[in-house]
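Below is one structure, written out as structure tokens, with a few remarks after it.
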Amino acid sequence: MKSIETDLYSGAFRGWGLKPLKGVRGYGPEGVLHTFENEIGSGEYWAYFRGNLFAVNAFRMSFAKSGTMRYRCSEHICLGCYDDVRGMAQRRGAALVPGAIMVYLGDEHGEYEAHFSKGAVARASSITISPDYYRDYLQSRFGNVKDVRKAFAKVDGKYDLPELVDLLRKARAYQGKGIAAELFYEGVVAEAVALVMEYASREDGSGEHRALSQGDACAISHISSYIADNLSGDLSCARLASELYIGQTKLKRLFKTATGLSPSAYVTRERMEEAARLLRETDLLIASIGKAVGYHKPGAFTEAFRRSKGFSPADFRRSNGVWRSQRIPEQPAHAACHKARDGRQYEGG
Numbered sequence: 001m002k003s004i005e006t007d008l009y010s011g012a013f014r015g016w017g018l019k020p021l022k023g024v025r026g027y028g029p030e031g032v033l034h035t036f037e038n039e040i041g042s043g044e045y046w047a048y049f050r051g052n053l054f055a056v057n058a059f060r061m062s063f064a065k066s067g068t069m070r071y072r073c074s075e076h077i078c079l080g081c082y083d084d085v086r087g088m089a090q091r092r093g094a095a096l097v098p099g100a101i102m103v104y105l106g107d108e109h110g111e112y113e114a115h116f117s118k119g120a121v122a123r124a125s126s127i128t129i130s131p132d133y134y135r136d137y138l139q140s141r142f143g144n145v146k147d148v149r150k151a152f153a154k155v156d157g158k159y160d161l162p163e164l165v166d167l168l169r170k171a172r173a174y175q176g177k178g179i180a181a182e183l184f185y186e187g188v189v190a191e192a193v194a195l196v197m198e199y200a201s202r203e204d205g206s207g208e209h210r211a212l213s214q215g216d217a218c219a220i221s222h223i224s225s226y227i228a229d230n231l232s233g234d235l236s237c238a239r240l241a242s243e244l245y246i247g248q249t250k251l252k253r254l255f256k257t258a259t260g261l262s263p264s265a266y267v268t269r270e271r272m273e274e275a276a277r278l279l280r281e282t283d284l285l286i287a288s289i290g291k292a293v294g295y296h297k298p299g300a301f302t303e304a305f306r307r308s309k310g311f312s313p314a315d316f317r318r319s320n321g322v323w324r325s326q327r328i329p330e331q332p333a334h335a336a337c338h339k340a341r342d343g344r345q346y347e348g349g
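Just so it is clear: in the sequence shown, position 235 is 235 by UniProt numbering, and no numbers are missing.
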């Protein structure tokens, strides 16, 4: 592969009418931001490219009509996590749900295909690595490395990798420049591969698969979406258990198995990530952002944010800048899409 940008991205960008912008406010300054706005929808895609080895990505899109996203690709591995996704489905791989690790294994001369419905939205962070990285580079440094693609396939659709989710979100928020940025993004990719290989090795060594039953997986998918849509509301353990028609003890066990976190820790993490996004990308008052993520007392929000991010909300905003996309209007902070409950009882295993 001569260039990961040329071989994997340029054709897709042209096909979707994504055009580069001069500024990248709200994203890392060492990357490139592309945007599109047409009858299909609107969106933006930021990427940091490292030669023929890897790319670090962040994107968000919304669609005004139904359609199919399709483009040719060469061999690669893409690993990501959606913070929000509705109305989209890939032809291959696990279902796209917020909070889960998603892996796409691209084949040489293959074709990526995803379908989206009217009103679909997607916001995610990801990394893409080329065979030059996971075959040549890793082999030259570490010798006989086991099948990396097989290891990545094992984490597709998994919820119990919070360190990997946090790493991807940290990469999206990073604002460094120059050699610091080069070292940071190189470290992100290396750490992501290490976490995946460790997970796969642990699973192979123990012979135990922490896979959820189909019913449990559906429950986690539903409750993850419910949490994402109701960050300003009551997300107590009792309320979440009621949403799934199960007891709180089972809810805690289900969350621990699926995400490695307790329900309250998962909710706090999602609230803090949304607060960080609003601080970076909007000029909303800090008190309004606190209310948007369920904190009606500014002091409580400030303390929770400081524990999570190591900064007060005000300091975090100053260090990351304030940016609002002119192509994708921000919804009011309090707006939430409430998923209708269908009244059917959850029957997870």
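Using N, Cα and C, we set each Cβ at its ideal position, and we do this for glycine too.
For the beta strand (DSSP E) that contains residue i, what are its first and last residues?
{"i": "Arg60", "result": "54–63"}
{"i": "Ala83", "result": "A small correction: the amino acid at residue 83 is Asp; Ala does not occupy that position in the sequence shown. Unbroken beta strand (DSSP E) run through Asp83: 76–90."}
{"i": "Phe142", "result": "No beta strand (DSSP E) holds Phe142; the alpha helix (DSSP H) holding it covers 138–142."}
{"i": "Phe49", "result": "41–50"}
{"i": "Ala124", "result": "110–129"}
{"i": "Phe36", "result": "32–37"}
{"i": "Leu105", "result": "101–106"}
Do you know how far the Cα of residue j is from the Cα of residue i?
{"i": "Arg86", "j": "Val97", "result": "8 angstroms"}
{"i": "residue 351", "j": "Asp132", "result": "Since the first residue shown for the chain is 1 and the last is 349, residue 351 is missing from the structure and cannot be characterised."}
{"i": "Lys158", "j": "Ala194", "result": "16 angstroms"}
{"i": "Arg14", "j": "Leu285", "result": "38 angstroms"}
{"i": "Asn52", "j": "Leu8", "result": "10 angstroms"}
{"i": "Arg91", "j": "Arg50", "result": "28 angstroms"}
{"i": "Ile101", "j": "Ala304", "result": "25 angstroms"}
{"i": "Cys73", "j": "Ser288", "result": "43 angstroms"}
{"i": "Leu244", "j": "Cys218", "result": "10 angstroms"}
{"i": "Arg327", "j": "Trp16", "result": "Note on Arg327: pLDDT 36, under 50, position unreliable in the model; no value is reported."}
{"i": "Leu105", "j": "Gly143", "result": "23 angstroms"}
{"i": "Asn57", "j": "His34", "result": "11 angstroms"}
{"i": "Ala200", "j": "Arg277", "result": "31 angstroms"}
{"i": "Met88", "j": "Ile40", "result": "14 angstroms"}
{"i": "Phe311", "j": "Ser264", "result": "21 angstroms"}
{"i": "Ala258", "j": "Ala241", "result": "15 angstroms"}
{"i": "Asp315", "j": "Arg141", "result": "40 angstroms"}
{"i": "Asp283", "j": "Gly290", "result": "13 angstroms"}
{"i": "Arg306", "j": "Glu203", "result": "35 angstroms"}
{"i": "Cys337", "j": "Val121", "result": "Summary for Cys337: the model assigns pLDDT 36, below 50, so the residue's position carries little reliability, and this model does not support an answer."}
{"i": "Glu5", "j": "His109", "result": "16 angstroms"}
{"i": "Ala55", "j": "Thr302", "result": "34 angstroms"}
{"i": "Ala275", "j": "Gly176", "result": "21 angstroms"}
{"i": "Gly23", "j": "Glu186", "result": "23 angstroms"}
Nearest to residue i by CA position, among the options, is which residue?
{"i": "Tyr174", "options": "Arg280, Gly23, Lys297, Arg92", "result": "Arg280"}
{"i": "Tyr266", "options": "Gly290, Leu285, Ser224", "result": "Ser224"}
{"i": "Gln214", "options": "Gly67, Phe54, Ala94, Arg123", "result": "Ala94"}
{"i": "Val145", "options": "Ala120, Val103, Glu198, Arg70", "result": "Glu198"}
{"i": "Leu251", "options": "Asp216, Asp160, Met272, Ser232", "result": "Asp216"}
{"i": "Phe36", "options": "Arg307, Arg25, Ala12, Phe54", "result": "Ala12"}
{"i": "Asp84", "options": "Asn230, Asp234, Arg202", "result": "Asn230"}
{"i": "Glu75", "options": "Arg317, Gly67, Asp107", "result": "Asp107"}
{"i": "Phe116", "options": "Asp160, Asp136, Arg123, Ser66", "result": "Ser66"}
Hey, residue i and residue j are a contact pair by Cβ (cut 8 angstroms); roughly how many whole angstroms apart?
{"i": "Phe255", "j": "Val196", "result": "With 8 angstroms as the limit, Phe255 and Val196 do not qualify as a contact, their Cβ atoms being about 22 angstroms apart."}
{"i": "Lys19", "j": "Ala64", "result": "Not a contact, Cβ separation roughly 18 angstroms."}
{"i": "Ile227", "j": "Glu270", "result": "6 angstroms"}
{"i": "Val188", "j": "Cys81", "result": "Rounded, the Cβ-Cβ distance is 13 angstroms, inconsistent with contact."}
{"i": "Arg70", "j": "Glu111", "result": "6 angstroms"}
{"i": "Leu138", "j": "Val103", "result": "Actually they do not touch by this definition, with Cβ atoms about 17 angstroms apart."}
{"i": "Leu167", "j": "Ala192", "result": "6 angstroms"}
{"i": "Val293", "j": "Ser232", "result": "6 angstroms"}
{"i": "Ser308", "j": "Thr268", "result": "7 angstroms"}
{"i": "Asp160", "j": "Gly260", "result": "4 angstroms"}
I need the boundaries of the alpha helix (DSSP H) containing residue i, first residue and last residue.
{"i": "Met272", "result": "263–281"}
{"i": "Arg70", "result": "Where Arg70 is concerned, there is no enclosing alpha helix (DSSP H), although the beta strand (DSSP E) it sits in stretches over 67–73."}
{"i": "Tyr245", "result": "Element bounds for Tyr245: n/a, residue is neither H nor E."}
{"i": "Pro298", "result": "298–309"}
{"i": "Tyr226", "result": "214–229"}
Kindly say whether residue i, judged by its beta-carbon, lies nearer than 7 angstroms to any beta-carbon of chain E.
{"i": "His76", "result": "Included in the structure is just one protein chain, with no chain E present."}
Cβ pair count under 8 angstroms reaching 3, the region 20–34 against the region 168–185: Because the criterion of three Cβ pairs below 8 angstroms is met, the region 20–34 and the region 168–185 touch.
Three-pair Cβ contact test at 8 angstroms for the region 159–174 versus the region 120–130: These segments touch.
Three or more C-beta pairs under 8 angstroms: does that hold for the region 37–47 against the region 60–74? A contact exists between the region 37–47 and the region 60–74.
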